[in-house]
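Below is one structure; the comments refer to it alone.
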Amino acid sequence: MARATFGVLLLLTICYQGIWAAQAPVKLLNDGNRIPVIALGTYGSADDIAVMRQAVFWAIEAGYRHIDTAELYRNEEQVGQGIADALQKGLVRREELFITTKLWNNHHARDQVIPALRDSLRRLGLDYVDLYLIHSPVAQAANGTFEDIDYLDTWRGMEDAKKLGLTKSIGVSNFNSEQINRIINNCEIKPAVNEIEVNPTLTQEALISYCQSVGIEVMSYSPFGFMVSRNRENSPPPKFDDPELTKMAHKYGKSTSQIVLRYLIDRDTIPIPKSVNKERIKKNIDIFDFSLTEEEIATINKFNKNVRVVDIVKWKNHPYYPFNKP
Ligand code: NDP
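Residue numbers (mature numbering (1 follows the signal peptide of the UniProt record, and there is no 0)): -21 to -1, 1 to 305.
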């Protein structure tokens, strides 16, 4: 009898911990924290912002535990509401979620970092985030003019924020390997993450292998690259109906979108697919029951054209423009 009761309790605990839900594995960051290996992307149009609360709730319901937002996206409030809905309905506990947000370019002075993070936390309705990233190495005033602030000063502000417990981990986004190396040689706390664009037409082999060699996890943004419309003429292949991707999709009983997300997982990165559509949100996390072979990864790498979805032309003359080297 006691054994049967124990069995039921164990089963309830397993179900409560969500082991049977469609959840992503986690990785250990270099600071000892754990990061779920797929995140919901949230950058989008005003129409997307209007439905983001619902999208974030659907994502948590579907098993996502990691949400990627930023001050720049003007949706931290809606993201926070979606999180609050999920917490209130008992879907998850706060400590089971991993929330990433980012410091925008106009708060790069060391003493601006903590106030900017506190503003993000207020909009999100949270006491802390799990990961705070410098959105880019480029410092700008609110009107967009360049500012002469070294990202090493910004990094010191990030270290201050982590020491205060306002964020569990700190990292960077859109930094190249030289810039990261300079932080590593001048920091107290190493960046845990570099969030960069990675997809079949921007495979980033050099930057990813550099980050991995120094223990920095890579989060892959714009994972679908030019497979989705970016309103750009002559956008390079592949598209969702590409024959090579379709062959892999048939082999594994998946869609080509899932193949590309799995490719990013199998390259040991953390993809950030954005969707506000309930079915696509579910589909994008349903990628943990198969893996690609080395040959299949190499086949997808061959699509590389070093073409970026996100290239900020107006940053090109900034001394810290990051995209002119790996
Ligand atoms: P994605 O590569 O995630 O593509 C998003 C587009 O794909 C949307 O139009 C979405 O439409 C559609 N989509 C989603 N799932 C599928 C699917 N299964 N099949 C077909 N279409 C699909 O692009 P993003 O550029 O948004 O990048 C993802 C996230 O990365 C951002 O939202 C943001 O969080 C982060 N990011 C970070 C940057 C940085 O500088 N750090 C820069 C850019 C992005 P729908 O919503 O209708 O499903």
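By construction, the Cβ of each residue, glycine as well, lies at the ideal position given by its N, Cα and C atoms.
Whole-angstrom C-beta distance between residue j and residue i, which should lie under 8 Å
i, j, result
"residue 114", "residue 84", "6 Å"
"residue 107", "residue 150", "That pair is no contact at about 15 Å."
"residue 155", "residue 304", "5 Å"
"residue 173", "residue 190", "5 Å"
"residue 137", "residue 197", "Not really, about 18 Å apart at Cβ, beyond 8 Å."
"residue 252", "residue 203", "7 Å"
"residue 240", "residue 266", "5 Å"
"residue 118", "residue 87", "4 Å"
"residue 65", "residue 71", "6 Å"
"residue 59", "residue 97", "Contact flag wrong, Cβ pair sits at about 14 Å."
"residue 79", "residue 18", "7 Å"
"residue 195", "residue 183", "Actually they do not touch by this definition, with Cβ atoms about 13 Å apart."
"residue 147", "residue 12", "5 Å"
"residue 109", "residue 77", "4 Å"
"residue 206", "residue 217", "6 Å"
Local Cβ density within 10 Å of residue i, reported as buried at 16 or more and exposed below that
i, result
"residue -1", "The pLDDT assigned to residue -1 is 49, lower than 50, so where the model puts this residue is not dependable, and the model offers no usable value."
"residue 7", "exposed"
"residue 141", "buried"
"residue 4", "exposed"
"residue 211", "exposed"
"residue 295", "exposed"
"residue 285", "exposed"
"residue 35", "buried"
"residue 229", "exposed"
"residue 290", "exposed"
"residue 116", "buried"
"residue 277", "exposed"
"residue 120", "exposed"
"residue 124", "exposed"
"residue 244", "buried"
"residue 127", "exposed"
"residue 95", "buried"
"residue 167", "exposed"
"residue 249", "buried"
"residue 185", "exposed"
"residue 233", "buried"
"residue 90", "exposed"
"residue 187", "buried"
"residue 54", "buried"
Inter-residue spacing [alpha-carbon to alpha-carbon] between residue i and residue j
i, j, result
"residue 21", "residue 283", "25 Å"
"residue 200", "residue 82", "16 Å"
"residue 261", "residue 298", "41 Å"
"residue 161", "residue 67", "43 Å"
"residue 31", "residue 255", "7 Å"
"residue 272", "residue 247", "13 Å"
"residue 288", "residue 134", "26 Å"
"residue 226", "residue 258", "23 Å"
"residue 237", "residue 269", "10 Å"
"residue 69", "residue 301", "42 Å"
"residue 14", "residue 264", "15 Å"
"residue 321", "residue 223", "Here the chain has residues from -21 to 305 only, and residue 321 is not among them."
"residue 100", "residue 274", "44 Å"
"residue 25", "residue 57", "12 Å"
"residue 10", "residue 171", "7 Å"
"residue 165", "residue 43", "35 Å"
"residue 159", "residue 153", "10 Å"
"residue -13", "residue 112", "For residue -13, the predicted structure reports a pLDDT of 41, less than 50, and the residue's modelled location is therefore unreliable. The matter cannot be settled from this model."
"residue 73", "residue 130", "31 Å"
"residue 293", "residue 213", "22 Å"
"residue 235", "residue 163", "37 Å"
"residue 306", "residue 47", "No statement about residue 306 is possible, as the shown extent of the chain runs from -21 to 305 and does not include it."
"residue 180", "residue 23", "21 Å"
"residue 2", "residue 193", "28 Å"
"residue 132", "residue 39", "35 Å"
"residue 41", "residue 157", "38 Å"
"residue 231", "residue 16", "20 Å"
"residue 75", "residue 61", "15 Å"
"residue 33", "residue 281", "37 Å"
Chain D within 8 Å of residue i, Cβ atoms only
i, result
"residue 111", "As a matter of chain content, chain D is missing from the structure shown, which is built from one protein chain."
Cβ-heavy atom distance, residue i to the ligand GDP, below 7 Å
i, result
"residue 11", "The model on display carries the ligand NDP but not the ligand GDP."
Residue ranges of each beta strand (DSSP E) run of no fewer than 3 residues wholly in the segment 36 to 124, ordered along the chain? 45 to 47, 77 to 82 and 108 to 113
> Hey, which unbroken runs of the beta strand (DSSP E) at 3 residues or more fall wholly within the segment 159 to 221?
Replying inline: Entirely contained in the segment 159 to 221, the beta strand (DSSP E) runs reaching 3 residues are, in chain order, 172 to 176 and 196 to 200.
Complete alpha helix (DSSP H) runs within the segment 217 to 288 (minimum length 4 residues, chain order)
222 to 231, 235 to 245, 257 to 264 and 273 to 280
Can you list the beta strand (DSSP E) stretches of 3 or more residues lying completely in the segment 120 to 159, in chain order? 146 to 152
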